[in-house]
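Numbering (the working numbering), first residue to last: 4 to 160. Yeah, the Cβ is synthetic: ideal placement off N, Cα and C, and Gly gets one too. Treat the numbers as computed from the prediction; the structure is a model and nothing was measured. Okay, structure first, notes after.
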Amino acid sequence: MGVVEDRLKALGLEVPEVVPPVAAYVPAVRHGDLVYTSGQLPMVSGAMVQTGKVGDGHGLVPAADAKALAQACALNAMAAVKALIGDLDKVTQVVKVVGFVASDPSFTGQPGVVNGASELLGHAFGDAGIHARSAVGVVALPLDAPVEVEIVVAVRD
């Protein structure tokens, strides 16, 4: 286990198995020194942790729950990267994070939700975890997921 996974372990987390694709794509692709992940959903042990739209009110996923789900998405993205390159310590920079939040029309807290992914990546990768980011509200996500996260990382051989 390397430095990145030791940092996750200190948080009580571990890199899960790669989530199998639910359509015609692969979890991650390497092009040169960049690895692009497909959008990762908050799946844990093969099951969606929570479904629905994010917002305030009855029947909605609270923003705090969605932030934790974004962290699960980031762990799944890390799993996709690890499966491709073998060792997360080969990541030299988290370049970009894109987070999609299935939002109730009145919800505008997408950046706070996607912080669940950003904060985890920063903790796991240290200075190499500092990244550019987009946090986007959308009407719906696959399998009624509240959050989806994709990352782009630079790697060394």
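What residue range does the beta strand (DSSP E) around Glu122 cover? Segment Gln113 to Phe128 is the alpha helix (DSSP H) holding Glu122; no beta strand (DSSP E) there.
Could you check the C-alpha separation between Leu91 and Val139 for me, to the nearest Å? 27 angstroms
Simplified DSSP state of Leu16, which is helix, strand or coil: coil
I need the straight-line Cα distance from Leu146 to Val47, nearest angstrom please. 14 angstroms
Neighbourhood of Val32 by C-beta, 6 angstroms cutoff - its chain only, sequence neighbours within 5 removed: Tyr39
Below 7 angstroms between beta carbons: does that hold for Ile154 and Ala80? yes
Distance CB(Gln113)-CB(Val104) smaller than 7 angstroms: yes
Assuming Gln74 and Leu123 make a contact with CB atoms under 8 angstroms, what is their CB distance in whole Å? 5 angstroms
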